[in-house]
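Under my numbering, the letters of the sequence shown match residues 66 to 187, in that order. Just so you know, even glycine gets a beta-carbon here, dropped at the ideal spot from N, CA and C.
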Amino acid sequence: MSHLPLIGLSLVMMLFTAVCVSANPSMLPKHEGYPMGKATDPVTGQSLSNDPGQKNATGTKALEQAAVVDDQHSRQNLSPNRNDRRLLEKPGAGLLPKVEGPQIKIEPPVKEATKMQADPKD
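What follows is the structure in structure tokens.
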């Protein structure tokens, strides 16, 4: 049996470990903080949050930042439609709009139906 796969797996695991160890937390994005504030444990007196001096991430600033996050890729940039210049009124879903010029009327696809008699011979 060849030792090459075992050596390759060992090298990959050492490389992954080195990358994890050298991660720099200062490269993470800054945020407003955790909602715990300066809360401490009543028994041991230790801090209950990772950054006890930070303010809560609520309020108008946090809401504004959350609302702006996806603006660029979720905004609609529709080109003007030349057919919309004729519109006078949009009555709603399922109804044709009123337009300048000839009015279009859509007839139902079936005007009358034929009735078949059941012939149970089974």
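- The Cβ atoms of E154 and K163 sit closer than 8 Å to each other.
- Counting only residues of its own chain and dropping the five nearest sequence neighbours on each side, V77 has no CB closer than 7 Å to any other CB.
- Per the DSSP secondary-structure output, S112 pairs in a beta bridge with T105.
- Setting aside the 5 residues that flank it on each side, S139 has no residue in the same chain whose C-beta is closer than 6 Å to its C-beta.
- Contact between L161 and I169 holds: their C-beta atoms lie close to 6 Å from each other, under 8 Å.
- In the structure shown, the three-state DSSP call for E154 is strand.
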